[in-house]
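Here the structure comes first, spelled out in structure tokens, and everything after it is commentary.
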Amino acid sequence: ETGVTQTPRHLVMGMTNKKSLKCEQHLGHNAMYWYKQSAKKPLELMFVYNFKEQTENNSVPSRFSPECPNSSHLFLHLHTLQPEDSALYLCASSNPGQGVVTEAFFGQGTRLTVV
Amino acid sequence: GQSLEQPSEVTAVEGAIVQINCTYQTSGFYGLSWYQQHDGGAPTFLSYNALDGLEETGRFSSFLSRSDSYGYLLLQELQMKDSASYFCAAPNRDDKIIFGKGTRLHILP
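These protein sequences, in sequence, are chains F and C.
Note that my numbering has the first sequence beginning at 11, numbered continuously upward.
Note that my numbering has the second sequence beginning at 218, numbered continuously upward.
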């Protein structure tokens, strides 16, 4: 098994649909992240969880709702998305040393298309 | 705020050496990381420099100068499989990492 696994790999959804992205890490890390990757833009940090507690929400619209039931699983619930939300959504995990992340491990991402 | 600037594209020839630069502006700086991402793949960690100087790992080396707020990734003996996007990144406090926009490396045979 790879370290960080994301499902599904591809998702097409309508603007009125509700769907969820799933991420699972098998590395024993304490922190998990959701990033959004759009063309020509930097990786945008959306949410950070450390020991299941959300420590960061970078002003993400409420149509994105994260859930972290335990330190190995992370979900991103999606509802009433817009076409501009189409992007690659990447999950990552790390073991921050004194709050500093020197290395993050990424999943393969979910390619989301909103139609 | 924080920002990391790197060129959007670089082209080099197979077997040659290429350097990808990164300049940063951060309110608190701990070090500079580099990641590689192939098309359709996940970003993978390459290196981390906490201190000034050159770190070498096989064909890849990474350099940091804190006084110049500058670093670079050096790729030697380029191979076609090195065609990818390369991101510099800076860890922040509170378990965060900020990424640059990435440099697309094109390798010509």
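Glycine included, every Cβ here is placed at the ideal spot set by N, Cα and C.
The structure displayed is predicted, hence computed values, not measured ones.
The secondary-structure analysis by DSSP pairs C/Gln-223 with nothing; it has no beta-bridge partner. Going by DSSP, C/Gln-253 is part of the beta strand (DSSP E) stretching over 249 to 254. Annotated as distal: C/Asp-312 and F/Pro-52, with beta-carbon spacing of 8 Å or more.
Residues of chain F with a Cβ closer than 9 Å to the Cβ of C/Ser-250 are, in chain order, Val-111, Thr-112, Glu-113, Ala-114. Contact annotation: F/Leu-100 and F/Phe-74 have beta-carbon atoms that are not nearer than 8 Å. Judged by DSSP secondary structure, C/Gly-288 falls within the beta strand (DSSP E) whose first and last residues are 287 to 292. Residue-level contact check: C/Ile-314 touches chain F, since one or more beta carbons of chain F fall below 8 Å from its beta carbon. Between the region 303 to 318 of chain C and the region 242 to 257 of chain C there are three or more C-beta pairs closer than 8 Å, enough to call the two in contact.
A residue is called buried when at least 16 other Cβ atoms come within 10 angstroms of its Cβ; F/Lys-46 meets this threshold and is buried.
A straight-line Cα-Cα distance of about 5 Å links C/Gly-270 and C/Leu-281. Take the alpha-carbon of C/Val-235 and the one of C/Gly-288: they are about 14 Å apart.
If you look at F/His-20, you'll find it in the beta strand (DSSP E) that goes 20 to 23.
In the DSSP secondary-structure assignment, F/Pro-71 is not bridged to any residue. Contact note: F/Lys-51 reaches chain C through Lys-318, using a C-beta cutoff of 8 Å and chain order.
Assignment of C/Lys-318 by DSSP, reduced to helix, strand and coil, places it in the coil class. Residue pairing by DSSP leaves F/Met-56 without any beta bridge partner. Going by beta carbons, C/Gly-232 and C/Glu-294 fall inside the 8 Å limit. Secondary structure note for F/Thr-120: its beta strand (DSSP E) is the uninterrupted segment 120 to 124. Here F/Lys-32 carries a strand assignment [DSSP, helix/strand/coil]. Checking the DSSP bridge columns, you'll see C/Ala-233 has no partner listed. In the structure shown, the three-state DSSP call for C/Lys-298 is helix. Separation of the CB atoms of F/Val-124 and F/Met-25 is rounded to 6 Å, and the pair is thereby assigned contact status at 8 Å. Neighbours of F/Gly-38 in chain C, taken as residues whose beta carbon is under 8 Å from its own, are absent, since the nearest beta carbon is some 16 Å off.
Counting along the chain, the unbroken beta strand (DSSP E) around F/Ala-102 starts and ends at 97 to 104.
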